[in-house]
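Reading through the structure tokens given below for one structure.
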Amino acid sequence: MFPELNSILNTSPDHFPRGEFTLVSDRQADASFLIHHFLSFYLRAGCKVCFLGLVQSFSHYSAVSQRLGVNLAQAKEKGQLVFLEGLKETLSILLRENRSSDTDTLSFLSRSPCTDLRGLFGFVRGCVRGEQGPWGPPVLIVDDLSVMLSLGVSADALLDFSHYCQATVCSELQGNVVMLTRGEDEEGEDDEDLGRLLTGLAHSCHLALRVRGLATGYCKDIHGEVELCWRGGRTSVNFSGLTDHRRVYQYKIQDKGVSFFARGTSSAVL
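Using full-length UniProt numbering, read the sequence shown as starting at 1 and increasing by one per residue.
Rendered as structure tokens:
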């Protein structure tokens, strides 16, 4: 996890809000470093984590988490982490190596058109409602939801899935949900489904973190900007005691962390 981001969000593994949906999105940048932050953060907080890894393998997340001081293999072995390796399962279904029944988690891939995600939601519900053991509130992390658009799932089906996940995890169980979705492409051309998905998720989230590249182009000392937007009443408290609903920081990704700073305050431009 990244201590500077915890300070900005006014959270720590010992003290964090519950019952919230956090949306992470990006545009001409890669916001996956924030997913690594939330994964390590909630594991350190002792939460039961259900992780839907739809774009990378378990070994990828494990290697990054190792640098952040978290052992995913150990968390998985203890039952604290339930990891769906969607990339591997998707390939096996598309290549017809998996001929299981329609109750499978990703069974929608074998149907045309893809009408719903009941199997995937059933997997999530089983994880978060199952035996919690010594762990804290459940947390669902999805990386990334928008990739399912390319698999033939409609934006409406994804929004329904998100709604049911929030109702179960956030409202019923007072846990948290974190979802990553990709934004516009490099030419700035949103397709209709992606735009509808982003808009729907943005309206239902409590906190939105929007990562984007610098308007001035590449810089070795500043890798991009992240806009934080609090919705639904919870706000961040600044040093003067006033509350903000929106803040923008620039960031630089380092080997074992990320530095955040206000616009124009990087040592590279001073």
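Even glycine gets a Cβ: it sits at the ideal position worked out from N, Cα and C.
- Counted as a single uninterrupted DSSP element, the stretch harbouring glycine 133 is not any beta strand (DSSP E), since DSSP gives it neither H nor E.
- Of Arg18, Glu4 and Met1, the smallest CA-CA separation from leucine 207 is found for Arg18.
- Taking 4 residues as the shortest admissible run, the stretch 24-88 contains the following complete alpha helix (DSSP H) segments, listed from N- to C-terminal end: 32-44, 58-67 and 72-78.
- In the DSSP annotation of this structure, the continuous segment of the alpha helix (DSSP H) that includes cysteine 165 starts and ends at 155-165.
- The stretch 157-165 makes contact with the stretch 194-206, as at least three CB pairs between them are under 8 Å.
- Partner residues in the beta bridge of isoleucine 253, as assigned by DSSP, are Val258.
- Here the C-alpha atom of arginine 129 lies approximately 21 Å from the C-alpha atom of glycine 86.
- For alanine 202, the enclosing alpha helix (DSSP H) starts and ends at 192-204.
- Just measuring C-alpha positions, the residue of Arg27, Asp14 and Asn10 sitting nearest glycine 213 is Arg27.
- Just so you know, the alpha carbons of serine 40 and valine 70 end up roughly 6 Å apart.
- For the 8 Å CB-CB criterion, threonine 181 and serine 146 form a contact.
- Assignment of beta-bridge partners to arginine 182 by DSSP yields Asp26.
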